[in-house]
Amino acid sequence: MKKIYKSSLLLSLLLVVSLTYGQRTVTGTVTDAATGEGLIGVNVVVPGTTIGAVSDIDGNFSIKLAEGETQLEVSYIGYETQTIDATGNVINIALSAGSVLDEVVVIGYGTAKRRNVAGAVASLSSKDFNKGLIASPEQLIQGKFAGVQVTTNSGEPGAGINVRIRGTTSIRNGNNPLYVIDGIPLSGDDATAGGRGGQFGSSTARNSLNFLNPNNIQSIDILKDPTTTAIYGSRGANGVVVISTKTGLANRGVEYNFTVGFSDITKKYNILSAEEYRTTEGANILTKDTVGSVASNVDWQDEILQTGVSTNHSVAFGSGNSDGDYRVSFGFSDQNGIVKESSFQRISAGLSANKKLFNGRLKIGAGLDIASINDQFPLITDNAGFEGDLLAAALKSNPTANIYIPDSLDKNGNKIPEQLSVSEPNPIAMLQYSDLRANTLRALARINADLLITEGLTWKNIVGLDKSLSKRTDAYSSNLQAQGIADRGRLYIADLQRNNNTWSSFLDFNRDFGNIELNALAGYEYQKINRYSSDILVTDFATDNLDLMLNNMSYGVSAIPINSSRPIDELQSVFARVNVGLNNKLYLNGSVRVDGSTRFGSGSRYGIFPAISAKYILIEESGSINNIAVRASYGATGNQEFDHNLYSLRLRNSDNDFPDGGGPATTGGQANEAFENENLQWESTQQFGAGTDFAFLNYKLTGSLDVYRKNTQNLLLKVDAAQPAPAPFSWENVDGDIVNFGLELALDYLAVNNSNFTWDIGTVIGYNTNTVRNLANTYNTATINGQGLTGAYAQRIANDQPLFAYFLREFGGYDDNGISIYPEGDVQKFVGASPIPKVNVGLTNTLKFNKFDLNFFLNGLFGYHLYSNTENAFFTKGAFNNGRNVTADVINSNEGSLNAPDVSTRFLYKGDFVRLQNLTLGYTLPINTDFVDGIRIFLTGSNLLTFTSYPFQDPEVNVNKSLDGIPSFGIDYTAYPRARTIQLGANINFK
Amino acid sequence: MKKITYIISILFIVATSCTNLEVAYNDSEFVALDETTGNIDADAGALLEESYKALSAITDQANIYSLSAHTSDLMIPPTRGVDWGDNGVWRTLHSHNWDASHAYVVGSWNQLNERVYNANRILAANPNPLQTAEAKFLKAFYMYQVMDLWGQQGLKPLIL
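Chains A and B supply the protein sequences, listed in that same order. Just so you know, we're using the working numbering here: the first sequence kicks off at 1089 and counts up by one. Just so you know, we're using the working numbering here: the second sequence kicks off at 418 and counts up by one.
Structure (structure tokens):
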């Protein structure tokens, strides 16, 4: 903290220092050629120098020129750069929206003109981001990029998110892309511990990127082919997401944003009402004694659901000119979920400052994003048994049972929930007798310095610190009827600390030699990732008061350390890149990175990741064709997202625990973490890509088409040794290929463009197939939970199948006794279904009419299947026969009450859907007073309509059902339900 | 000349900041094998205790126990309502149509052989005579079960 304090002090000092030279002042206005409106933040520079100015909100600028300087270069992102004569003292410049090819895009370790990049890059700026209730940056881009699939795991506020760029490449976890924020690569691990809950199961952590205030993001660039990903070497295989935060140049005085939103469940499960349950034959007779009263009328779903009210406030102010800029922002976000007692609250502050010194030779900058996050978790888990988690309990609980014991009051005056047994937990008791929270503080700080050594040659340095401290407490009161909790109480305390320090230093050379444009880069990067976790379990509480359990812990008399760990990893890399442009026609890019990582064994500690690509402008400005370019690229990248040190023989004491069934603690023993394998290395991906970029009709129709093939080898897996073996298992790079083949199409059409009406249509279509080849072994995954389902699984990874292919019995109805028929035999086999969507489609429409703006966005996923573990576990005749509530169709089916619900295609559904993801209607008030210069009010609806044949809550779902460390995909098991949200908001700009 | 000085100093800064990529591993213990004696530096007593704890695998209703009990007619697990179907694992054992991928066949094979491995590890960790005797008994006990279930037991030296 002291360091940050010092650097911010230094920074403030630098901000007040201002160095200016020159003899002549030129002023002027920069406007948009089409609309005549002033353009803010336009760069006006003296060519060949770093002397420049930036236009203000009305497009006005002022610049001091030295004797003899008569030219100015005027540039603005998305507009054509102009060089103009500046002999007069007042100059007005009209910039026209330029070609997409001249747009500046962010690539690794710098930016480049889109024209000069010989690979597929996609960029989205803040005005095109998704609107609505957003907790993290990935949601801003969901459905917006071809070939990028963003799937939120559930409807939970701040839920984990899967991002797949050009397919899924790894059998293990670690399929998420590398995130780089303002030049700092993040470590990609969780910032908060997952949840523990005894018989209720465990849950995965929320998204670790929730700390970033989405209002602070300027643009998100997706690097997907080796031209740009290979420079990130052993972390580039899954693509790279580059996030740039806003600087003072983006600000108009003081900006205030406010939204208030109301969320409700889109679709409840169609379970029996109390009346239907009572009148259904068979059930109530059996259940009267075992499941209590049959007199009440309860809708358990309504009991646990609520209208989630969410508010967001964000204030930012800043300023800037060619000498420097600063921006300060504050954000407050309070999102309440649609399940009671689940929320996400973030208080964030951001600071960004840049300053030029020594006549512009030295540019220093600093940034800080800091957030305090309070999470409140619902007791919804990934792997509860047949007893169920909160949502399962609400689905299966007898709707005619009592919520509360009649006429009961506890000592605090609260009604006492009626709890019948540990196997039929009361959802209200689960809410009332548990308290699950986490508090996380995360800071991402950076300081950078760019020194101009000689014309075109700059030495750039970035030092980054990403630190987080998190504490999670899961408290269960002794009043809760559950194994190991009833009469004892249970408190889990999980600490997680992360430190990720980065230093990059590189030389950037940029020069135009007439027909040859040259950009070269060479540098070094070091990163240290240090992580500490510790978990403690306290039980045998003499109080049932959750507050006292948490804040006066000595009421608990038995405690045990579960475990702690401190993995430390280092990464050291050198990298180089050359981009050459010849005659404005042919562009050649080459890059190489050498990565050394402590995650690799001593025999292969350094990996080399090269890439080459080329691009040729076929046609330029001919008739209605503005340009057509073709390009091809080839490169190698790696994936090192696995645990630290899996290559030396080492022992750790395994976890201690109090068994759920009660009794004394079980203590762990020494167990092998890994065995010697000095050749352990990264998973390597070779990617070939080709594509074309085009622009027609005066840039009204623009787009790109891409094709790629990714081949991932050296699959890292924990392998059971052939027994008897000197070691029972080892971590090895297994032979096998995971092949992703795909097509991507992005089109943008400016249908109408005049001064009071514009209509822009953007569409992206991505197609991907995934196949495993040359894999000798098979790996089962997707644990299926439920009564009579011990050891059941639903997916298998095997040769010639897609990853996570469904491996099920073929279901053929019921026989006369109501027992399942499996015509192909009572064995699991591949059924030709995959949970990975083949096609993803996004369609954005942006309309502006005078002061109104309308934006709607549809997105869809096609060609995949979902397995409903929820139905498998809870919606069967047997479950009904045990007195549990079920969906209406169970009652009418021919299934017998003694039928065992084996894993079969009976529970497999097509997941395909089209969703009206959001619709925003905005109105800009024509206000321009002395203090306010713009107010926009808007109404946003999110997740308004979903068209799907999937019969349950929502088809965008992925619950972690991993088995022996092999992840699963596409299993729905009592996922947190998804909400429809209506938001009202305002953006106000103060002068 | 000045520029060259710049570049040299940059290179110097970068070169001196390189690391040998050796980080501290302080959350686990390394086990070293003495190449000449074939012994390992580990606590035979702790390993032996672990081996005894691992006997609990036999009391599990699944795996080793189930392979002996359910494949004979000593025991059958009838499905009760939706319960105990367990996706067919018991049915398969009862009707003798399991294959090598059956969860309990794989599980037992790994469990038993892992325990043989662990017994070997005790014997390599400088045990006292009593510990040696106990470890040898445990090893023989697990090997007997492998013989019983699979009819063969291979032997490999302890390599770390």
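All C-beta atoms, glycine included, are put in the ideal place defined by N, C-alpha and C.
- Contact of residue 1880 of chain A with chain B by beta-carbon distance below 8 Å involves 503 and 504.
- With a threshold of 8 Å between beta carbons, residue 549 of chain B makes no contact with chain A.
- Straight across, the Cα-Cα distance linking residue 1804 of chain A with residue 2054 of chain A is about 11 Å.
- Taking CB atoms only, residue 422 of chain B has no neighbour in chain A less than 8 Å away.
- When C-beta atoms of the region 1436-1447 of chain A are compared with those of the region 1328-1343 of chain A, three or more pairs fall below 8 Å, so the two segments count as touching.
- Listed along the chain, the chain B residues whose CB falls inside 8 Å of the CB of residue 1655 of chain A are 444.
- Apart from sequence neighbours up to five positions away, the residues of its chain that approach residue 1292 of chain A with a beta-carbon distance below 7 Å are 1248, 1282, 1470 and 2048, ordered along the chain.
- Under the Cβ criterion (8 Å, minimum of three pairs), the region 1858-1865 of chain A does not count as touching the region 1954-1970 of chain A.
- Runs of alpha helix (DSSP H) with 4 or more residues, each lying fully within the region 438-494 of chain B, are found at 461-470 and 480-486, listed in chain order.
- In the displayed model, residue 1302 of chain A falls within a helix according to three-state DSSP.
- Interface annotation, residue 527 of chain B: in contact with chain A, CB-CB separation under 8 Å.
- The C-beta distance from residue 1228 of chain A to residue 1241 of chain A rounds to 17 Å, too long to meet the 8 Å contact threshold.
- For the beta strand (DSSP E) assignment, the uninterrupted runs of no fewer than 3 residues enclosed by the region 1573-1608 of chain A are, from N- to C-terminal side, 1578-1601.
- Looking at the backbone, the Cα of residue 512 of chain B and that of residue 1256 of chain A are separated by about 39 Å.
- Chain A places a beta carbon closer than 8 Å to that of residue 520 of chain B, counting this residue as a contact.
- For residue 555 of chain B, not one C-beta of chain A is nearer than 8 Å to its own C-beta.
- Per DSSP, the continuous alpha helix (DSSP H) segment holding residue 511 of chain B begins and ends at 506-511.
- In this chain, residue 1848 of chain A is not harboured by any alpha helix (DSSP H); it is covered by the beta strand (DSSP E) spanning 1845-1861.
- The residue among A:1710, A:1631 and A:1594 with its C-alpha nearest the C-alpha of residue 1665 of chain A is A:1594.
- In this chain, the beta strand (DSSP E) harbouring residue 1718 of chain A covers 1713-1727.
- Secondary structure at residue 1872 of chain A: coil, using DSSP grouped into helix, strand and coil.
- In the DSSP assignment, residue 1960 of chain A falls outside any beta strand (DSSP E) and within the unbroken alpha helix (DSSP H) covering 1957-1962.
- Within the region 1981-2009 of chain A, the residues whose Cβ lies closer than 9 Å to some Cβ of chain B are 1985, 1986, 1987, 1988, 1989, 1990 and 1991, listed in chain order.
- Taken through DSSP and simplified to helix, strand or coil, residue 1383 of chain A comes out as coil.
- For residue 1875 of chain A, the number of other beta carbons within 10 angstroms of its own is at least 16, and it is reported as buried.
- With respect to residue 1983 of chain A, residue 1913 of chain A sits apart: the two C-beta atoms are not nearer than 8 Å.
- DSSP places residue 1403 of chain A within a strand segment (E or B) once states are collapsed to three.
- Contact between the region 1206-1213 of chain A and the region 1693-1704 of chain A is present: 3 or more CB-CB pairs across the two stretches fall below 8 Å.
- Measuring C-alpha to C-alpha distances from residue 1937 of chain A to each of A:1846, A:1418, A:2007 and A:1448 identifies A:1846 as the nearest.
- Assignment of residue 526 of chain B by DSSP, reduced to helix, strand and coil, places it in the helix class.
- Residue 1628 of chain A sits close to residue 1645 of chain A, with the two beta carbons spaced by under 8 Å.
- Legend: CB atoms of the region 477-490 of chain B lying less than 9 Å from CB atoms of chain A belong to residues 479.
- A distance of 8 Å or more separates the beta carbons of residue 498 of chain B and residue 1877 of chain A.
- Residues of chain B with a Cβ closer than 7 Å to the Cβ of residue 1471 of chain A do not exist, since the nearest Cβ in that chain sits about 15 Å away.
- With 16 or more other CB atoms across the displayed protein chains lying within 10 angstroms of its CB, residue 1990 of chain A is buried.
- Contact annotation, residue 1457 of chain A with residue 1532 of chain A: C-beta distance approximately 5 Å; criterion of less than 8 Å satisfied.
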